[in-house]
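Presented below is the structure to which this report refers.
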Amino acid sequence: MSDLRRPRRKRELYFDILYVIAIFFLIFSYSDGVNAYIDLQMGTLPYYLSLFVSQIVRFPLWLCLMISGAILLDMHEAIKTVWRKRILRMIIIIVVFSFLYYLADCKAGRDNFDLTRFIPDLYARDRITQFWYLYATLGFLVCLPFMRPMVKNMRDEDFIYLIIAVFVLSSILPLFDIYVLMGRYELNPNTKLEWIMEVIFIYPVMGYFFHHRLSVDRCKKLSLILVPVDLLWLAYNTYILSNKGVSMGDYIMYPEYHGSVTMLHCVTLFVTAKALFRRREHKPWERIIGSFGGCSLGIFLLHGFFLDGRIEFIEKIRIQVCGEPDGLGKITAALLWSAIVYLVCYFPVWLVRRIPGIRDLTL
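Following this note's numbering, the numbering of the sequence shown begins with 102 at its first residue and continues without gaps.
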């Protein structure tokens, strides 16, 4: 879903695969299924399974920022080109689709039409929660002119040091503060280096490093280590969360509670996908994946109309198709509805991409 225009170069198969996975689980992550553990008895196997699922799917938009970094940080563009072709385009997307969602909410009686309130809201907040990604991408695009020379002049060991430092600061130390120091002390905020941990910086930089600096053979070896470590880390965090009583719904879905698992999970997915799907074999399924991957931004922009009961007749269809199950049944129903929403959004985007001059807007 590169929010941005793809360079005229060979499409990467594993980028398209990651886009498909990311957008599908993005839809799922904003469904009732992701919080199914709230209805389950704490300490039971279904409870732990549901809580584990709720963590493992919270990666999509961070992963997309990694892909954007892999694509854009290697390009050469003048600053005025970045502003004219990329930043302006992202501003237009934010304004147009935020307004469409605003109109849908007004029509559904969930909001009152008032441009004097909508315009400040457009500046200050997201019309739908997922649109934080568009604003984050806008920030990333503003930083492109100085991030490009920076990453191109960094040594491999500099990237490794940066990634380890951020992982320790964002994932290890917060757990240490809570479970060893028992919340009595925490790292001085002036030492937390928030600027390097911002999603508009660290995730694009990691994407650039793993795509351009790490060979396929090294990715294969690294993925053999990362996959089991990632699963163990997710399981460990599931155990920690279960002890915090999150079954009562006493946590914030985004972004605090899963911050400690997102970075490692995204790196694992990115490296593993590159190791498995770096080389194209020009098979029919690859063209299909490429088509879905190319429509990712359009699917992202449309999917919110099918969630959160925003449009009444769509919500009625969802209930008829999926019912209103409890417990683990919510996960199955949410997966089914996510697949339906993905496909329903895909087809109009696919048709729009057939229009001359429009194709690049959906990439």
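Ideal Cβ positions, reconstructed from N, Cα and C, are used throughout, including at glycine. All of these numbers come straight from a predicted model, not from anything done at the bench.
Practice problem: Hey, could you find the ends of the alpha helix (DSSP H) residue 298 is sitting in? | Solution: 295 to 298
Quiz item: Which value, in whole angstroms, describes the spacing of the CA atoms of residue 450 and residue 267?
Solution: 37 Å
Quiz item: Between residue 452 and residue 207, what straight-line distance do the alpha-carbon atoms span, to the nearest angstrom?
Solution: 28 Å
Quiz item: From this set, 296, 434 and 413, which residue's C-alpha is nearest residue 210's C-alpha?
Solution: 413
Quiz item: First and last residue of the alpha helix (DSSP H) that includes residue 447?
Solution: 430 to 453
Quiz item: Is DSSP giving residue 319 helix, strand or coil here?
Solution: helix
Exercise. Taking residue 175 as the reference, give the member of 387, 152, 200 and 254 with the closest Cα.
Key: 254
Quiz prompt | With 16 other Cβ atoms within 10 Å as the buried cut-off, status of residue 386 | solution = exposed
Self-check item: CB of residue 242 within 8 Å of CB of residue 188, strictly
Solution: yes
Quiz prompt | Nearest to residue 229 (by Cα), restricted to the options 169, 200 and 249 | solution = 200
Quiz item: Are the beta-carbon atoms of residue 123 and residue 165 separated by less than 8 Å?
Solution: yes
Quiz item: What do you get for residue 431, buried or exposed, if any count of 16 or more other CB atoms within 10 angstroms of its CB means buried?
Solution: buried
Practice problem: Give me the Cα-Cα distance between residue 416 and residue 340, rounded to the nearest whole angstrom. | Solution: 34 Å
Quiz prompt | Touching by the beta-carbon criterion (3+ pairs, under 8 Å), the region 254 to 265 and the region 316 to 326 | solution = no
Quiz prompt | residue 358 versus residue 275 - alpha carbon distance | solution = Because the pLDDT of residue 358 is 43, which lies under 50, any placement of that residue in the model is unreliable, and the number read from its coordinates should be weighed accordingly. Their Cα atoms are separated by approximately 11 Å.
Self-check item: C-alpha gap between residue 195 and residue 232, whole angstroms
Solution: 8 Å
Quiz item: For residue 428, which residues from the same chain have a beta carbon less than 7 Å from its beta carbon, with the 5 sequence-adjacent residues on both sides left out?
Solution: 137, 140, 141 and 147
Exercise. Please check the pair residue 311 and residue 372, which I expect to be a contact at CB under 8 Å, by giving their CB distance rounded to whole angstroms.
Key: 6 Å
Quiz item: Which word fits residue 434, buried or exposed, when buried means at least 16 other C-beta atoms lie within 10 angstroms of its C-beta?
Solution: buried
Quiz prompt | Residue range of the alpha helix (DSSP H) that includes residue 113 | solution = It is not in any alpha helix (DSSP H) - residue 113 carries neither H nor E in the DSSP assignment.
Practice problem: Determine the DSSP secondary structure at residue 421, reduced to helix, strand or coil. | Solution: helix
Practice problem: Report the three-state DSSP secondary structure of residue 369 (helix, strand or coil). | Solution: helix
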